[in-house]
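Only one structure is covered here, and it is reproduced in the block below.
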Amino acid sequence: MPIFSLGFEIQINVSPQTVYDHLRDPHNLVGLQPLLTHVENVQASHTSVSYDTVEAFRWLGIFLYRNRIHVRTTFIDPPQRLETVVHSFPNITLQVGYTFTPQAGGALLRESVQISCHAWLAGFVTDQATHAQTALLENLKTRLEAG
11 MPIFSLGFEI QINVSPQTVY DHLRDPHNLV GLQPLLTHVE NVQASHTSVS
61 YDTVEAFRWL GIFLYRNRIH VRTTFIDPPQ RLETVVHSFP NITLQVGYTF
111 TPQAGGALLR ESVQISCHAW LAGFVTDQAT HAQTALLENL KTRLEAG
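Heads up, the sequence shown is in this note's numbering, so the first residue is 11 and it goes up one at a time.
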């Protein structure tokens, strides 16, 4: 299956540790990522967290589709990196890496996304991922900077 790459970054005026801590808790993603409706079956350890969630979106702009996904986030070199693997129907995998770099007055958050999916789904999946991840970063900045 083909792999498609996306990249995003944003400056957030709080410490890298604050951003890292917020993203490592899956319950915080609801309201940040606009497609997610809820998080359940959270299983956390010192090195990772796995959980299930549901994304709700319109297929072809008409049909409401609720897609159950499984997510595992690994805490790499805290508070500098998180790696997340998302498994979704039909045979879609996203590998997401977050890096947290100290900057004057805050943190630079960089996100890399590798998408593996059927070629016939690539346009839809990359469009949805771009919209969702852009919104996540903008909402994260707004939430954390508001205190």
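Yeah, the Cβ is synthetic: ideal placement off N, Cα and C, and Gly gets one too. It should be emphasised that the depicted structure is a prediction, and the values quoted were computed from it without experimental measurement.
Rounded C-alpha distance that separates residue i from residue j
i	j	result
Pro10	Tyr30	The chain is shown from 11 up to 157; residue 10 falls before or after that span and cannot be answered.
Gln27	Arg68	35 angstroms
Ile79	Val135	14 angstroms
Leu16	Glu50	27 angstroms
Ile13	Val96	14 angstroms
Start-to-end residues for the alpha helix (DSSP H) that takes in residue i
i	result
Asn149	132-156
8 angstroms Cβ cutoff met for residue i and residue j
i	j	result
Val32	Asn38	First, the residue type needs correcting, since residue 32 is His and not Val in the sequence shown. Taking 8 angstroms as the Cβ cut-off, His32 and Asn38 qualify as a contacting pair.
Phe18	Thr152	no
Thr63	Val81	yes
Leu74	Thr83	no
Arg34	Phe85	yes
Residue i - containing beta strand (DSSP E), residue span
i	result
Leu104	102-113
Asp62	58-69
Val40	From DSSP, Val40 is part of no beta strand (DSSP E); its letter is neither H nor E.
Gln27	Element bounds for Gln27: not the beta strand (DSSP E) but the alpha helix (DSSP H), 26-34.
Counted within 10 angstroms of its Cβ, other Cβ atoms place residue i as buried (16 or more) or exposed
i	result
Thr140	exposed
Ala142	buried
Leu70	exposed
message: With a threshold of 8 angstroms, are at least 3 pairs of Cβ atoms found where one atom belongs to the stretch 45-54 and the other to the stretch 106-124?
response: By the C-beta criterion, the stretch 45-54 is judged not to be in contact with the stretch 106-124, since fewer than 3 inter-stretch pairs fall below 8 angstroms.
message: Pairs of beta-carbons, one from the stretch 110-125 and one from the stretch 57-64, closer than 8 angstroms: are there three or more?
response: Because the criterion of three Cβ pairs below 8 angstroms is not met, the stretch 110-125 and the stretch 57-64 do not touch.
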